[in-house]
Amino acid sequence: MNANKQYLGAGQTLIALALLAAFAPARADDADDFANLTQLQSSVSIGVATATGNQSDRTVFGEYNGLRENGSNLTLDIDYARRDEKTGTWTIIRGRDLGLDTPELNFTMDRQGDWRVSADYEEIVKHDIRTINTGLVDAGTITPAVNLLSAPGAGQDLNLELKRKRLGLNVDKWVTPSLQVQVSFKNEDKDGARLWGRGFACTSAAAPGCVGGSATTTGWAVLMLPEPVDSRTDQLEAKLNYSAGKLFLSGGYYGSFYTDNNGTMTPSVPGTLRNYTGGAYPLTAGLQGVLSLPMALWPDNQAHQLYLDGTYALAKRVRSTFNLSYTHATQDQSFSSMGLTGAPAGVSSLGAVVDTTRVQFGLTARPTTKLSLVANLHYEDRADKTPIEYYNLEGAAPTAWTNSPLNNTKLIGKLEGTYQLPAHFRGTLGVDYQSIDRGLPVITDTLGGLTAVREKTEETSYRAELRRAFSDDFSGSISAVHSERTGSDWYLASTETIVSSAYLATMATASLPVYLLDRTRDVAKLMAEWTPGERTSLQFVAQDGTDQFHNPTYGGAQSAGNRLYSLDATYALTYKWKLTGFMSHTDQMMNVGQPSLSSYQMAMRDLNDTIGIGVAGTPTARLNVGANLAYTHDKNIYGQSMGPSASAANLAVLALTGGLPDVTFIETKVSLYAKYALDKHAAVRVDVIQQIDKVNDWTWGWAGIPFTYADNTTVFLNPNQKVSVLMARYIYSFR
2 MNANKQYLGA GQTLIALALL AAFAPARADD ADDFANLTQL QSSVSIGVAT
52 ATGNQSDRTV FGEYNGLREN GSNLTLDIDY ARRDEKTGTW TIIRGRDLGL
102 DTPELNFTMD RQGDWRVSAD YEEIVKHDIR TINTGLVDAG TITPAVNLLS
152 APGAGQDLNL ELKRKRLGLN VDKWVTPSLQ VQVSFKNEDK DGARLWGRGF
202 ACTSAAAPGC VGGSATTTGW AVLMLPEPVD SRTDQLEAKL NYSAGKLFLS
252 GGYYGSFYTD NNGTMTPSVP GTLRNYTGGA YPLTAGLQGV LSLPMALWPD
302 NQAHQLYLDG TYALAKRVRS TFNLSYTHAT QDQSFSSMGL TGAPAGVSSL
352 GAVVDTTRVQ FGLTARPTTK LSLVANLHYE DRADKTPIEY YNLEGAAPTA
402 WTNSPLNNTK LIGKLEGTYQ LPAHFRGTLG VDYQSIDRGL PVITDTLGGL
452 TAVREKTEET SYRAELRRAF SDDFSGSISA VHSERTGSDW YLASTETIVS
502 SAYLATMATA SLPVYLLDRT RDVAKLMAEW TPGERTSLQF VAQDGTDQFH
552 NPTYGGAQSA GNRLYSLDAT YALTYKWKLT GFMSHTDQMM NVGQPSLSSY
602 QMAMRDLNDT IGIGVAGTPT ARLNVGANLA YTHDKNIYGQ SMGPSASAAN
652 LAVLALTGGL PDVTFIETKV SLYAKYALDK HAAVRVDVIQ QIDKVNDWTW
702 GWAGIPFTYA DNTTVFLNPN QKVSVLMARY IYSFR
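Counting in this note's numbering, the sequence shown runs from 2 upward without gaps.
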């Protein structure tokens, strides 16, 4: 699991050889030094990792590292490197975690300055951190069958996992000293299932004839239906790199191809489910049919891109950069092949086509020794050419609406200058501009939940930074950014009629997209680095940012902010012992109003504190030891207040309950290791890890009662998890 040193460049090797030759006759230690400088070390590591507890104790710890399912696991790492002295060809093989379900394997052959071939393979498994108890049959397939359990917890435990297998192939060849060809292929297969589901409540205009429920019937239901995943993504890139004097060019083709072997998931739903009283009652008319409808999964799609990047030295102190690209993306899988019906007459697929053109040009210049300038202009046009069709019908007297193109035109500019001021100060001033024209949705589209949209937004940012090296061991900087975002007229989503902000303010339930609102942003940042001596190094960062949304309506985003403070420290106790530490505090806030004067305001806040300390040393020539302690405390706060027209009953409920409780996550992790060299080639290493996780998340349960679905399926996250891991490895190194 430990990466080895890379081989030195030719120039460094020659210098090392000359120095060694100057101190003849050579001793045994000199021979070892020579080998260290001229040969890449190979090694094999084999061992075992044993973890305490059961799977529910390791859900957070083992989410990605392959130590979730089994208490004991084989660990095997390989590093092999050889150089053919006659041809100068390197052969390198590296393997990591070969005994776990997260293996990584790399093979590379390389003749420096001539050619290179490599292949990579890796597997990643994501285990869902929650424990699911369900009566669902064929979970994770396209035809799951829902079964009502007699009571919550009476089913079978279901552990969802998603496995990714990645394969990469790369070939590089220098055709001439100025021309290089590079071809790469990447493939990723995904297989498994992830948490998903559906829900519906009657009555609804979307389902005429769907009858509302009562104390003895079930009129709404939420079901846990894992999404079946069986997909493949292929990526192919072929490019030429050309260099000649002042000019460098890189151009080629990039293609992406996504294939999903599952088109839809169609659940089987019984006629009786749990209702709001907790009892099992028959579904009202129409609900079973809605819950049993096919659910569309990700359709096949592909994209093809041609691009050209380059740099050119216009003068001795002036360099230009440029980028041109054109991308043609399509999604035209037939509805019938996905298992979908009911498309408009004569329409067999979405027929989606999106063409994107990008142009970028930049300049960097140094007119004087004290002044440097940077200018950049970026243009992007995304043209959505997908046919417009009537895909949706809703209501007893059907109302139809269509899809809408998602066109987008961006213009981004940057201008920056840096000047060396007196007294070792260095100042930077910059301005950034961004314009986005999204167009308007077609009149036949319906933007559910949105009151109005605007066609164009513009944002201008002004940046200033001042740096200074106060001494050889202390330097710092302070910077500030101020930006203003404005936009064009607002258009009612239903009629595309221009309306004023004052008119929107009179609408009691108006809702506007946050990315279209006028916004003022201010960010200030302070950085300092202090090295008072050879043994000590300190880095400090403080940042404060605020967003103020000029929202004409009561609902939606009102303000946001973030603060960050961090400190990193390193201290060498002696030449054999080193102490490191870090701490950080982040505070993120956002205030959002629900789109009704009788509703409520949310003051959401995320507080995160992280502290870490580590020590490493070499008590003897053969022994290396170390210890690390990391502590994280994350708290999400949901501050609630009622709207000005809230009812007395709602005000009383909030006063009585205090609103939503906090969601907290606390993790403490202690790591110890010791590595002992048995001889010049062999060593043993022992790692001991203990991780304690405490989770208090009311979204998946409260007061020990797990979240329960309409079929009595429960989802539970163990709130107190403790795992200890012992890893012992034997390492053999050779050349």
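We put the CB at the ideal spot given by N, CA and C, even for glycine.
message: For Ile130, count the other beta carbons within 10 Å of its own beta carbon; 16 or more makes it buried, fewer makes it exposed. Which is it?
response: The residue you call residue 130 lines up with position 129 of the sequence shown. Its Cβ being crowded by 16 or more others within 10 Å, Ile130 is buried.
query: Which same chain residues, not among the five before or five after Leu565, have their C-beta less than 6 angstroms away from its C-beta?
result: Locating residue 565 in the sequence shown gives position 564, where the first residue counts as 1. Counting only Cβ-Cβ distances below 6 angstroms, and skipping sequence neighbours, we find Gln544, Thr587.
message: By DSSP's criteria, Asp523 is part of a beta bridge. Which residues make up the other side?
response: As a first step, residue 523 is located in the sequence shown; it is residue number 522 there, counting from the start. Under DSSP, Asp523 forms a beta bridge with His483, Thr547.
message: Between Thr357 and Thr328, how many whole angstroms is the CB-CB distance? I'm expecting something under 8 angstroms.
response: Along the sequence shown, one-based indexing puts residue 357 at 356. Along the sequence shown, one-based indexing puts residue 328 at 327. That pair is a contact at about 4 angstroms.
field: Option in Gly340, Tyr259, Thr204 with minimal Cα separation from Leu237
entry: For the purposes of this step, residue 237 is taken as the residue at position 236 of the sequence shown. It is Tyr259.
task: With a threshold of 16 other CB atoms inside 10 Å of the CB of Phe471, please say whether the residue is buried or exposed.
output: Here residue 471 refers to the residue found at position 470 when the sequence shown is read from its first residue. Answer is exposed; the Cβ neighbour count stays below 16.
task: Buried or exposed for Glu228, please, with buried defined as at least 16 other CB atoms from any protein chain shown within 10 angstroms of its CB.
output: As a working note, residue 228 is residue 227 in the sequence shown. Here Glu228 is buried. Its C-beta has 16 or more other C-beta atoms within 10 Å.
field: Outcome for Ile499 when other beta-carbon atoms lying within 10 angstroms are tallied against a minimum of 16
entry: Locating residue 499 in the sequence shown gives position 498, where the first residue counts as 1. With fewer than 16 Cβ atoms within 10 Å of its Cβ, Ile499 is classed as exposed.
query: Would the beta-carbon of Gly557 fall within 7 angstroms of that of Ser585?
result: As a first step, residue 557 is located in the sequence shown; it is residue number 556 there, counting from the start. As a first step, residue 585 is located in the sequence shown; it is residue number 584 there, counting from the start. It is not a contact, given that the beta carbons lie outside the stated cut-off.
query: Which value, in whole angstroms, describes the spacing of the CA atoms of Glu456 and Ile437?
result: As a first step, residue 456 is located in the sequence shown; it is residue number 455 there, counting from the start. As a first step, residue 437 is located in the sequence shown; it is residue number 436 there, counting from the start. Cα to Cα, Glu456 sits roughly 8 angstroms from Ile437.
message: Using only CA atoms, which one of Thr90, Gln181, Leu407 lies nearest to Asp446?
response: As a working note, residue 446 is residue 445 in the sequence shown. Comparing alpha-carbon positions, the option among Thr90, Gln181, Leu407 lying closest to Asp446 turns out to be Leu407.
- prompt: According to the neighbour-count rule (16 or more other Cβ atoms, all chains shown, within 10 Å of its Cβ), is Pro153 buried or exposed?
  reply: Taking the first residue of the sequence shown as position 1, residue 153 is located at position 152. Buried.
task: Please report how far the alpha carbon of Arg165 lies from the alpha carbon of Thr92, in whole angstroms.
output: Position 164 of the sequence shown, counted from the start, is the residue given in the question as residue 165. Position 91 of the sequence shown, counted from the start, is the residue given in the question as residue 92. Rounded to the nearest whole angstrom, the CA to CA distance from Arg165 to Thr92 is 27 angstroms.
task: Tell me Trp116's beta-bridge partners as DSSP assigns them.
output: By 1-based counting over the sequence shown, the position of residue 116 is 115. Per DSSP, Arg112, Lys174.
field: Between the CA atoms of His379 and Glu459 - distance to the nearest angstrom
entry: Taking the sequence shown and counting its residues from 1, one reaches residue 459 at position 458. Taking the sequence shown and counting its residues from 1, one reaches residue 379 at position 378. Rounded to whole angstroms, Glu459 to His379 spans 15 angstroms at the Cα level.
- request: Take Thr669 and list the residues in its own chain whose beta-carbon comes closer than 6 angstroms to its own, dropping the five residues that flank it on each side.
  value: Taking the first residue of the sequence shown as position 1, residue 669 is located at position 668. Once the five neighbours on either side are set aside, the close Cβ partners of Thr669 are Tyr632, Ile693.
field: Trp491, DSSP secondary structure in three states
entry: The sequence position of residue 491 within the sequence shown is 490, counting from 1. Three-state result, Trp491: strand.
- request: Output the residue ranges of the alpha helix (DSSP H) runs that lie fully inside the segment 286-370 and measure 4 residues or longer, sorted by chain position.
  value: 288-292, 336-339
- request: Tell me Asn263's beta-bridge partners as DSSP assigns them.
  value: The residue you call residue 263 lines up with position 262 of the sequence shown. Secondary-structure assignment with DSSP links Asn263 through no beta bridge to anything.
message: Taking only three categories from DSSP, how would you classify Val375?
response: Taking the first residue of the sequence shown as 1, we reach residue 375 at position 374. Correct three-state label for Val375: strand.
message: As an exercise, report each continuous beta strand (DSSP E) stretch of at least 3 residues that is fully enclosed by the segment 94-162, in chain order.
response: 105-112, 116-128, 132-135, 157-159
task: Grab me the residues of Ala617's own chain with a C-beta within less than 6 angstroms of its C-beta, minus the 5 sequence neighbours each way, in chain order.
output: Here residue 617 refers to the residue found at position 616 when the sequence shown is read from its first residue. The answer, listed in chain order, is Lys579, Gly627.
- prompt: Can the beta-carbon of Ile638 be found closer than 7 angstroms to that of Arg606?
  reply: Counting from one through the sequence shown, the residue named residue 638 turns up at place 637. Counting from one through the sequence shown, the residue named residue 606 turns up at place 605. Between Ile638 and Arg606, the C-beta gap is smaller than 7 angstroms, which places the two residues in contact.
- prompt: When we look at the beta-carbon of Phe708 and count the other beta-carbons within 10 Å, is it buried (16 or more) or exposed?
  reply: Position 707 of the sequence shown, counting from 1, holds the residue named residue 708. Buried, since its Cβ has 16 or more Cβ neighbours within 10 Å.
field: Simplified DSSP assignment, three categories, for Leu20
entry: Indexing the sequence shown from 1 puts residue 20 at position 19. Bear in mind that a pLDDT of 33 at Leu20, under 50, signals an unreliable position, so the number given afterwards is only what the model happens to contain. Secondary structure of Leu20 (DSSP, three-state): helix.
- prompt: Among the residues of its own chain, which have a CB less than 6 angstroms from the CB of Asn719, if the five just before and after it don't count?
  reply: Here residue 719 refers to the residue found at position 718 of the sequence shown. Within the same chain, Asn719 has close Cβ partners Ser57.
task: Check whether the Cβ atoms of Ser326 and Tyr313 lie closer than 7 angstroms to each other.
output: Locating residue 326 in the sequence shown gives position 325, counting from the first residue. Locating residue 313 in the sequence shown gives position 312, counting from the first residue. It is not a contact, given that the beta carbons lie outside the stated cut-off.
query: Counting along the chain, where does the beta strand (DSSP E) carrying Asn592 start and finish?
result: In the sequence shown, residue 592 corresponds to position 591, counting from 1. Taken as a continuous stretch (DSSP letters only), the beta strand (DSSP E) holding Asn592 covers 578-594.
query: Taking the alpha helix (DSSP H) that Val654 falls in, what are its first and last residues?
result: In the sequence shown, the residue the question calls residue 654 occupies position 653. Element bounds for Val654: 649-658.
query: When the Cα of Ser502 is compared with those of Leu467, Ser495, His551, Trp531, which residue comes out closest?
result: As a first step, residue 502 must be located in the sequence shown, where it is residue number 501. The option with the nearest alpha carbon to Ser502 is His551.
message: Is it buried or exposed, His682, if we count other Cβ atoms within 10 angstroms and call 16 or more buried?
response: Against the sequence shown, residue 682 aligns to sequence position 681. Per the 10 Å Cβ criterion, exposed.
query: Helix, strand or coil: how does DSSP classify Leu517 here?
result: Translated into positions along the sequence shown, residue 517 becomes position 516. Residue state, collapsed to three classes: helix.
Cβ pair count under 8 angstroms reaching 3, the segment 103-116 against the segment 134-151: no
task: List the residues that DSSP assigns as beta-bridge partners of Gly169.
output: Position 168 of the sequence shown, counted from the start, is the residue given in the question as residue 169. Its beta-bridge partners are Asp121, Lys187.
field: Check whether Asp333 and Gly352 have beta carbons under 7 angstroms apart
entry: To locate residue 333, count along the sequence shown from 1; it is residue 332. To locate residue 352, count along the sequence shown from 1; it is residue 351. Contact: yes.
- request: Just the C-alpha distance for Asn148 and Asp523, rounded to the nearest angstrom, thanks.
  value: Looking up residue 148 in the sequence shown gives position 147. Looking up residue 523 in the sequence shown gives position 522. For Asn148 and Asp523, the distance between alpha carbons rounds to 54 angstroms.
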